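Just so you know, we're using the UniProt record's numbering here: the sequence shown kicks off at 1 and counts up by one.
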Amino acid sequence: MTDPENSQGTPQICPTDPTTQALAVRGLTKSYGDATVVNNINLDIPKGAIYGIVGPNGAGKTTMLSMATGLLRPNKGTAWISGFNVWEEPNDAKRSMGLLADGLPIFDRLTGKELLTYVGALRELDEGIVDQRSEELLEALGLKEAAGKRVVDYSAGMTKKILLAQALIHNPKVLILDEPLEAVDPVSGRLIQQILKNFAQTGGTVVLSSHVMELVEGLCDHVAIINRGVVEIAGHVDEVRRGRSLTDVFVDAVGGAALQEGSLSWLGASEGHSEGQNQNEDRAE
Ligand SMILES: Nc1ncnc2c1ncn2[C@@H]1O[C@H](COP(=O)(O)OP(=O)(O)OP(=O)(O)O)[C@@H](O)[C@H]1O
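Structure (structure tokens):
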């Protein structure tokens, strides 16, 4: 576990061999102009873990995951997926991982079924296997009826689910998911959690970023709290929580925020409100 006392921007010690981990990063650093948004991050994600990455808005989670998966070139540092260096052995690293991330191009003129068939072909899977897996994934994710509909016409939650299916179809060793349950309804959310648990129980590794602490507490066995581009705390969920709620640990680690007295005092019951009320009354008449 990373000691929070020593992790504020100072190099963290990661003695393990990064090639033995499902995902490992060493010294990852990214700056935009004068701002260092990811600052010398070291992280080990063991095989078979469901690993939650949490942190406030703008903490550097997406930037870190983008560098860890080879989507964004770091200023410094390296990442390994399933033992493959993402910059020196990109094909092997990419073959090992399934990725769900915002901002990646989606072939959304295809139907859900066509998209899975296309991605399966890109992954060089046998046609019969792609067909069988696509059917099963569409069924499991509640997308069977929408299989013939173009992805561009999917809702936000449906899009998330078809992108998850796309990330799973080649049965990757490591699944990396940026906000996987965002916009997903509770029934589908529960199903997805079950899929991820089964995946980890059979030896797969899941890395997910989320703002939903209940999800991380209920699903993940490991967690890292990132703040201002550094890892504040990382380790097994029970070690990090030490009997407290993860939300309390999170707030302590990143610093709580309270609305200052008098701030936004114009918001709520006011002249504007009663004027609005009158307008509504006028409209009703
Ligand atoms: N291309 C870019 N140019 C300049 N700054 C950037 C760029 N991409 C990200 N940043 C900055 O890097 C910081 C970290 O952003 P990042 O998206 O990694 O945060 P995050 O932890 O994923 O946030 P959120 O929880 O809101 O998604 C932010 O301050 C953001 O403005």
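Even for Gly, the Cβ is constructed at its ideal location relative to N, Cα and C. All values reported here derive from a predicted model rather than from experimental measurement.
Near residue i, which residues of its chain fall below 8 Å by C-beta distance, leaving aside the five closest residues on each side in sequence?
| i | result |
| --- | --- |
| G218 | Q193 |
| P46 | Q21, A22, T205 and H222 |
| D17 | none |
| L191 | A140, L141 and G142 |
| N85 | T78, A79 and A93 |
| T111 | A147, G148, K149, R150 and V151 |
What is the residue span of the alpha helix (DSSP H) that residue i lies within?
| i | result |
| --- | --- |
| V237 | V237 to R241 |
| S31 | No alpha helix (DSSP H) contains S31, which is instead part of the beta strand (DSSP E) from L23 to Y32. |
| G203 | Neither: G203 is in no alpha helix (DSSP H) and is coded neither H nor E. |
| T20 | T20 -> no alpha helix (DSSP H), and no H or E assigned at all. |
| A156 | A156 to L168 |
| L113 | For the sequence presented, residue 113 should be read as Lys rather than Leu. Here the alpha helix (DSSP H) through K113 covers G112 to L122. |
| I106 | It is not in any alpha helix (DSSP H) - I106 carries neither H nor E in the DSSP assignment. |
Should residue i go down as buried or exposed, given a rule of 16 or more other Cβ atoms within 10 Å for buried?
| i | result |
| --- | --- |
| W80 | buried |
| K61 | buried |
| D178 | buried |
| F107 | exposed |
| A257 | exposed |
| S263 | exposed |
| S265 | exposed |
| G120 | buried |
| K30 | buried |
| A234 | buried |
| D3 | At D3, the pLDDT of 43 sits below 50, so the modelled position is not reliable and the matter cannot be decided from this model. |
| V151 | buried |
| A146 | buried |
| L196 | buried |
Determine the closest residue to residue i out of the options, with distance taken between C-alpha atoms.
| i | options | result |
| --- | --- | --- |
| G229 | M158, G189, L163 and N40 | N40 |
| V223 | V37, W87, V38 and G52 | G52 |
| G148 | T69, T16, P186 and K113 | K113 |
| I50 | E179, A200 and G189 | A200 |
| L141 | L264, F107 and V187 | V187 |
| V237 | G120, L65 and V54 | V54 |
| N57 | R190, L191, G189 and V37 | V37 |
| L28 | A121, P74, G120 and A253 | P74 |
| V231 | M64, A35, L181 and G48 | M64 |
| G103 | T78, V184 and S66 | S66 |
| P180 | W266, L208 and G203 | L208 |
| L71 | A101, I225 and E261 | A101 |
Note down, in chain order, each residue of its chain lying with its Cβ closer than 6 Å to the Cβ of residue i, except the 5 sequence neighbours on either side.
| i | result |
| --- | --- |
| Y154 | none |
| N6 | Because N6 carries a pLDDT of 41, less than 50, the predicted location of this residue cannot be relied on, and no value is offered for it. |
| A24 | P18, D44 and W80 |
Between which residues of its own chain and residue i is the CB-CB distance below 7 Å, once the five residues before and five after are set aside?
| i | result |
| --- | --- |
| L137 | L116, A165, L168 and I169 |
| N227 | G55, P56, A59, A253 and V254 |
| L99 | T69, A167 and I176 |
| E182 | K160 |
| D185 | G157 |
| residue 287 | Nothing can be reported for residue 287: it is not among the residues displayed for the chain, which extend from 1 to 285. |
| G48 | A200, G203 and T205 |
Could you check where the beta strand (DSSP E) with residue i kicks off and where it finishes?
| i | result |
| --- | --- |
| L100 | M97 to L100 |
| L246 | Counting along the chain, L246 falls outside any beta strand (DSSP E), though it belongs to the alpha helix (DSSP H) covering L246 to V254. |
| A35 | A35 to I45 |
| residue 286 | The requested residue 286 does not occur in the structure, where the chain is confined to residues 1 to 285. |
Query raised in the report: Is it a yes or a no for the segment 154-163 touching the segment 120-128, going by three-plus beta-carbon pairs under 8 Å?
Result: Verdict: no, contact absent.
Requested in this report: Would you check if the segment 127-137 and the segment 166-176 touch, i.e. whether three or more CB-CB distances between them fall below 8 Å?
Outcome: A contact exists between the segment 166-176 and the segment 127-137.
Query raised in the report: Is there contact between the segment 246-266 and the segment 209-216, where contact requires at least three CB pairs shorter than 8 Å?
Result: Contact between the segment 246-266 and the segment 209-216 is present, because at least three Cβ pairs lie under 8 Å.
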